[in-house]
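Structure, as structure tokens:
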Amino acid sequence: MEVYLNIQQQENLFYFYHNWKAGKKNKIHKGHCPQCNFGTGKREKQTRGLNGVWIGPFSTLDLCNDYIADRINLPPVEPHKCCN
Ligand SMILES: [Zn+2]
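If you count by my numbering, then the sequence shown holds residues 13 to 96, one letter each, in order.
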């Protein structure tokens with residue numbers, strides 16, 4: 013079964029990976045990044061929500077940064093290299 017994500021192929025979307033076990037993994041990713049995979053993570057056996065969760069999509073990097081700054085108590089979050 014496939015799930016329809018309501019996302020256009022050309023949309024440039026941003027997601028925040030909030031990992032509370034490994035702080036250095038707290039990064040912003042683009043939806044197309046293989047690590048992000050539109051907020052579903054890598055294709056491997058995983059227990060979703062055990063170490064972290066994907067938050068998004070956000071239409072802009074600024075909106076994603078605003079969310080983190082306003083609602084999550086974290087030091088500044090770096091974008092993943094996929095965002096360059
Ligand atoms: Zn990435």
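Ideal placement from N, C-alpha and C gives every residue a C-beta, glycine not left out. Since the model is a prediction, treat every value here as computed from it, not as a measurement.
Do you know offhand how far residue i's Cα is from residue j's?
{"i": "Val65", "j": "Lys39", "result": "11 Å"}
{"i": "Glu83", "j": "Met13", "result": "Contrary to the premise, residue 83 reads as Arg rather than Glu in this sequence. Their backbone Cα atoms lie some 34 Å apart in a straight line."}
{"i": "Gln22", "j": "Pro88", "result": "28 Å"}
{"i": "Gln20", "j": "Glu56", "result": "24 Å"}
{"i": "Asn96", "j": "Leu73", "result": "11 Å"}
Could you please give me the residues that DSSP links to residue i through a beta bridge?
{"i": "Tyr29", "result": "Lys39, Trp66"}
{"i": "Pro91", "result": "Ile40"}
Considering only residues of the same chain and omitting the five flanking positions on each side of residue i, which have a CB-CB separation below 7 Å?
{"i": "Lys37", "result": "Tyr29, Asn31, Gly64"}
{"i": "Glu90", "result": "Lys39"}
{"i": "Leu86", "result": "Asn38, Ile80"}
Can you round the beta-carbon distance between residue i and residue j to whole angstroms, since I take them to be within the 8 Å contact cut?
{"i": "Lys42", "j": "Cys94", "result": "5 Å"}
{"i": "Tyr16", "j": "Pro69", "result": "14 Å between Cβ atoms; not a contact."}
Considering only residues of the same chain and omitting the five flanking positions on each side of residue i, which have a CB-CB separation below 8 Å?
{"i": "Lys54", "result": "Pro46, Gln47"}
{"i": "Thr52", "result": "Trp66"}
Grab me the residues of residue i's own chain with a C-beta within less than 6 Å of its C-beta, minus the 5 sequence neighbours each way, in chain order.
{"i": "Leu25", "result": "Gly43, Pro69"}
Original post:
How would the residue list near ligand 1 read, in chain order, if you kept each one whose beta-carbon is closer than 7 Å to any heavy atom?
Top reply: Lys39, His41, Lys42, Cys45, Gln47, Cys48, His92, Lys93, Cys94, Cys95
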